[in-house]
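Sequence lines, in order, name chains B, Y, S, V, D and R. When you number the first sequence by my numbering, it's gap-free, plus one each residue, and the end is 219. When you number the second sequence by my numbering, it's gap-free, plus one each residue, and the end is 1219. When you number the third sequence by my numbering, it's gap-free, plus one each residue, and the end is 2219. When you number the fourth sequence by my numbering, it's gap-free, plus one each residue, and the end is 3219. When you number the fifth sequence by my numbering, it's gap-free, plus one each residue, and the end is 4219. When you number the sixth sequence by my numbering, it's gap-free, plus one each residue, and the end is 5219.
Protein chains: 6
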Amino acid sequence: MTIYVVNPNSSQHVTDGISRAVDPMRSSSPVPIEARTLTEGPPGIESQAHVDGVVLPLLAHCAALESQASAFVVACYSDPGLAALREQSSRPVLGIAEASILTAMSLGQQFGIISILSKSVPRHMRYIGAMGVKDRLAADLPLELGVLELADETRTFERLKAVGTRLRDEAMANVVILGCAGMTNFRTDLEAYLGIPVVEPCQAATAMAIGRVALQKTR
Amino acid sequence: MTIYVVNPNSSQHVTDGISRAVDPMRSSSPVPIEARTLTEGPPGIESQAHVDGVVLPLLAHCAALESQASAFVVACYSDPGLAALREQSSRPVLGIAEASILTAMSLGQQFGIISILSKSVPRHMRYIGAMGVKDRLAADLPLELGVLELADETRTFERLKAVGTRLRDEAMANVVILGCAGMTNFRTDLEAYLGIPVVEPCQAATAMAIGRVALQKTR
Amino acid sequence: MTIYVVNPNSSQHVTDGISRAVDPMRSSSPVPIEARTLTEGPPGIESQAHVDGVVLPLLAHCAALESQASAFVVACYSDPGLAALREQSSRPVLGIAEASILTAMSLGQQFGIISILSKSVPRHMRYIGAMGVKDRLAADLPLELGVLELADETRTFERLKAVGTRLRDEAMANVVILGCAGMTNFRTDLEAYLGIPVVEPCQAATAMAIGRVALQKTR
Amino acid sequence: MTIYVVNPNSSQHVTDGISRAVDPMRSSSPVPIEARTLTEGPPGIESQAHVDGVVLPLLAHCAALESQASAFVVACYSDPGLAALREQSSRPVLGIAEASILTAMSLGQQFGIISILSKSVPRHMRYIGAMGVKDRLAADLPLELGVLELADETRTFERLKAVGTRLRDEAMANVVILGCAGMTNFRTDLEAYLGIPVVEPCQAATAMAIGRVALQKTR
Amino acid sequence: MTIYVVNPNSSQHVTDGISRAVDPMRSSSPVPIEARTLTEGPPGIESQAHVDGVVLPLLAHCAALESQASAFVVACYSDPGLAALREQSSRPVLGIAEASILTAMSLGQQFGIISILSKSVPRHMRYIGAMGVKDRLAADLPLELGVLELADETRTFERLKAVGTRLRDEAMANVVILGCAGMTNFRTDLEAYLGIPVVEPCQAATAMAIGRVALQKTR
Amino acid sequence: MTIYVVNPNSSQHVTDGISRAVDPMRSSSPVPIEARTLTEGPPGIESQAHVDGVVLPLLAHCAALESQASAFVVACYSDPGLAALREQSSRPVLGIAEASILTAMSLGQQFGIISILSKSVPRHMRYIGAMGVKDRLAADLPLELGVLELADETRTFERLKAVGTRLRDEAMANVVILGCAGMTNFRTDLEAYLGIPVVEPCQAATAMAIGRVALQKTR
């Protein structure tokens, strides 16, 4: 049995980053954790059509894994297919956006989100509304860097520091969430810089999945 | 130029019902109104996978109509693909769930929704949360009748009366929305029975589309 | 039958501006659209006493038009008398504040409002609270220009650009509403400048009224 | 200097009931408390037009009293003219609806409201929304008795007990507000019957006015 | 290193019940799980004074365990001392109320809570307000059984079934939370009876703690 | 009989400041107002452990005063023990945070809070959430001055002006609350500087207590 962390975009280097991000948790997990790439997905999920379009292949991908799955993690910050996968699967199903927010809610009173692009923000806001947790949001602010542009790590970290500082000092956030699966490398340094907890969503969701695997034993 | 009302399920009789429902508005519309069937869709949209699964064919269907379209109406109460179609199209795009709620908000202070099945309710609640209008919702209560079962009109109307009465008298709804594109036939009778406005969502969205076609003239 | 757009202040030039603003929609309307001045109103509606004070004359004005009315639009951004007129009239009744907000809610996830004066803001906030849509508001920021001062179009447009930019970039608004009936001239230019939808409320409400006239045919 | 409690309807017996209701507080007030009748008002305030229509005469009435006023209380559960009177007067101004809710918020976590008629409820809901306290409302339920019908005290008390019990046991209210200035007689008995605090709004607002008169001494 | 689940009341049988409830999870946890009794606590926590009164001894109890602690779970449904313990400890700290709600939020759209007594409900409502998740609450309804009375298991289960059914069918809850640490025995049977997920809060919080222990490895 | 204003920290000079602040109200109160020091409290209440730790001594302190008490005011901006004291006492019980917010809600539509330290803000946010009034909050911003540092009155007032200006002009607050019992001296000057109402919470709560003493006469 395995916890499957499914990256719904087709970029193997993103999957590799996710796998590295959850690596320190493997020794604490009762089951293996496997990061997988949805090869049918687009290279990056940047539009609502991308989000909606990966759902059917994601469902098929997970259906094939159902019998060996301890739990599923959907590893894209738009949580594509989360509700549908929950209807399909009998296993615990977590999405990195939802899980990062639920985690942040126990680490600070007001959470901030760092988005890659301003056009991601309305999508997040709909989701936060659907989750019913708007009152806990400090602000959601963009880096204004596309997925590919994140690769320039010096520039990316400069932007992360600037936006994180704005969230902490102007919007009064007590905890910050990295609002994209492609920023795993920066969590530790940003947390050290800001002095408040920084949540990397793939880690947060996988941690929650580990707990759910344990919880299933009580069923 | 035409207002396209796209039924994302493949049931022609549902499309026919929608067309009849909007028929009285045709003489007041500056452009023709055409109800269309998404033949790639399932016979009825009853699960989240159905909702997500129709998005790509719906986008393709509408892309082909873009140049002749005055506006698009997505005619399923889960508003599948609404956000994605808005990103794709330069025309006004309306969804029957959103439009029915926005319409109801100007007809009464608290709106009630009549769902077909209790399993539809959580999906609606996520959507109402995303719209940020939970405080205006009186309640969302189910008929517990599947799409096919709606065909027994006597039983359906009995249930509509019972659920509508509960919404009005217990949940204090001032206006009631029919939460499915397949109940067009019952609006007038239910409104007469309840004595408060009853909103049929295909009509509400098409009316709003007619307004938007006019509004586009100011751009 | 006619759609009556009633300006509840007594300034004919405001009424004229409204009439020009809705002019492009006339050819798409199934009925004539007539902008009217409430001669009993004050020159401008700037205080709560002004808002409350115009209700009785407005009701009388509209009662006299009831038999020829297809719909009524109350054309002041405080929507004076909206609830009372709905109790009095059997016609569709729309207010420009409510209608502009409902319209903006389908054009962007978070809406910003540009008020003329900071003292207008608390009145708007009460109204947005009554509408139950506070979670969709990005911010409501003032120009700090009185009604008369709007006439200096160069200065007004400079302020509109500055406040609109703040709404878009700091408050993360996806759509902006002109929060006064006297800014009709600036919609197109401001939208071009900001690159996000700008809603002129008299146009939005009249468009919605055109839809409602069509919708009434189904009753 | 005097605290003026202004009944905006023209029924002297309602004013007399208010005066009796606040009578026990007179000995604890630093200034006299005078209940007054707005003779220009309608016999009862039952519609939105009534609410809006009394504002101008109420403002005039209070302007004439300004120099002798320690504070004003608007004694109708729709708080007509409250915002306008606050703009006009330099004295503390309280409305019985607002004050009863603020008082109830410190007496129990969820408050229930007993309205006279179901058509009052939407008006209250708009107001509670404007106050931003919807999350504290358990429910607002009607007696379905008009103002005149309240005079049958036996029937009225039976209805009060039934509605109050529903608020306490079904809607889980911890405190109940009498949602009309004409139910002063029933507070004590209903509180004894229900076993949870019952707030009479004229008393609550006048108590708060007494506090504000003291508070003004610090200015 | 150990996950400490601290029962802040002094009843060893409650602690024993908690230990049994989490027993199936022990084999999936990377560290031992130890349920402890706060001997300074009252036999049961039924009033706000009880809640506030256990904080200082709880802090002292946990301070003495800090160096061996992987994580702390506060095992009382009022989450006494949660915020203070988070300020004191550098370990993950979870409360069973908060954790059960965060867990339920990923198992269903609207959650219901079963309280022991109606006087618990206002305390829960303040907490749900502080968590900012009121919009996700279906209802919180009491068994009206004191802690000692829960020992009559037949009667308790009858009440659980009745209240759970009301939450599911009237309040439209999609998931139910047992709102007391003393109902561990009933989770499985109640879930089977209701057909929707039932969350036992000590299990939910301990599961989340297991995940957090893993997550700490990434720090 | 006496209104007891209990300062739950042990600093007599804070108690003295409170006594001076309420002094002008004494002549308007039907009973004496006595400010008391909880000698068992810490010198200042700056952490959640401080808040929780003073509850039991506060309850004992007030129990001893119960028979002579007209009302109790808890004079710390975290309202420690407020809910517990309400369960214990049969007298009106007010907290300065709650009362200042309820007062501010009738003085302006959006209230701002000036905190001493940014670490106070999350505690306030939980409380505002529990009160259900988040929608009325403009912002809560810190001076970043500890309790002792407030003694430098020149620097403190400079900060108060800066933060108050930000609340008024950026967050659009219409009324400002001093979020600490130790800023009594600055209310008048800050109100004059800002031009909008400034609420000192000990004064606001004591004023409300005076009203409640009067209201008790109706019971």
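For each residue, glycine too, the CB sits at the ideal point set by N, CA and C. For clarity, every value in this text was computed on a predicted model and none was experimentally measured.
Here the stretch 5156-5176 of chain R does not lie against the stretch 5005-5025 of chain R, with fewer than 3 beta-carbon pairs under 8 Å apart.
If you look at Val1073/Y, you'll find it in the beta strand (DSSP E) that goes Ala1069 to Val1074. For Ile3018/V, the enclosing alpha helix (DSSP H) has its first and last residue at Gln3012 to Val3022.
Taking 3 residues as the shortest admissible run, the stretch 1022-1055 of chain Y contains the following complete beta strand (DSSP E) segments, listed from N- to C-terminal end: 1033-1037. Close CB contacts of Gln3109/V within its chain, under the 6 Å cut and outside five residues either way in sequence, are with Asn3174 (chain order). Excluding its 5 nearest sequence neighbours in each direction, Met5131/R has C-beta neighbours in its own chain below 7 Å: Glu5098 and Ile5101, listed in chain order.
By the criterion of at least three beta-carbon pairs nearer than 8 Å, the stretch 2022-2029 of chain S is in contact with the stretch 2199-2217 of chain S.
Put simply, the CB of Asp135/B is near chain D, with a gap under 7 Å to one of its CB atoms. Taking the C-beta atoms as reference points, Ile1114/Y is found no nearer than 7 Å to Val1055/Y.
Membership of Thr1002/Y in the beta strand (DSSP E) is indicated by the continuous run Thr1002 to Asn1007. The beta carbon of Ala4084/D sits closer than 7 Å to those of Val4055 and Leu4059, all from its chain and outside the five residues before and after it, given in chain order.
DSSP places Leu4178/D within a strand segment (E or B) once states are collapsed to three.
In this structure, Ile177/B keeps its C-beta atom at 7 Å or more from the C-beta atom of Phe72/B. Look at Met5125/R: its C-beta is not under 7 Å from any C-beta on chain S. Counting along the chain, Leu2145/S sits inside no beta strand (DSSP E), nor does DSSP assign it H or E at all. Judged by DSSP secondary structure, Phe157/B falls within the alpha helix (DSSP H) whose first and last residues are Glu153 to Asp169.
Annotation for Leu150/B: no alpha helix (DSSP H) segment contains it, and DSSP assigns it neither H nor E. Ala173/B sits in coil when the DSSP states are folded into three classes, being neither helix nor strand. Between the alpha carbons of His4061/D and Leu4038/D lies a gap of roughly 7 Å. In the DSSP assignment, Val2093/S falls within the unbroken beta strand (DSSP E) covering Val2093 to Gly2095. Between Glu3034/V and Thr3002/V, the CB-CB gap stays under 7 Å. Cβ contact annotation for Val2121/S (same chain, cutoff 7 Å, sequence separation greater than five): Ser2115, Asp2140 and Pro2142, in chain order. With a beta-carbon spacing of about 14 Å, Thr1218/Y and Met2183/S fall beyond the 8 Å limit used to define contacts.
Buried is the label assigned to Leu2107/S, since at least 16 other Cβ atoms lie within 10 Å of its Cβ.
Interface residue (Cβ-Cβ distance to chain R less than 7 Å): Leu3215/V is classified as such. When C-beta distances to chain V are compared with 9 Å, the residues of the stretch 1103-1130 of chain Y below that value are Gly1108, Gln1109 and Gln1110, in chain order. Within the stretch 5142-5175 of chain R, Met5172 and Asn5174 place their CB atoms closer than 7 Å to a CB of chain S, listed in sequence order. Taking every protein chain shown into account, the CB of Pro4043/D has fewer than 16 other CB atoms within 10 angstroms, so this residue is exposed. By DSSP's assignment, Leu4137/D forms a beta bridge with Phe4111/D.
By the neighbour-count definition (other C-beta atoms within 10 Å, threshold 16), Leu5148/R is an exposed residue. Annotation for Asp4079/D: Gly4095, Ile4096, Ala4097, Glu4098 and Tyr4127 place their beta carbon closer than 8 Å to its own, counting only its chain and skipping 5 residues before and after. Within the stretch 4193-4205 of chain D, the residues whose Cβ lies closer than 8 Å to some Cβ of chain B are Glu4200, Gln4203 and Ala4204, listed in chain order.
Interface criterion met: the Cβ of Pro2024/S is under 7 Å from a Cβ in chain Y.
Excluding the 5 residues flanking it on each side, Thr2165/S has same chain C-beta neighbours closer than 8 Å at Leu2194, in chain order.
The Cβ-Cβ distance between Ala1069/Y and Cys1202/Y does not fall below 7 Å. Taken atom to atom, the span from the alpha-carbon of Leu2117/S to that of Gly2179/S is near 10 Å.
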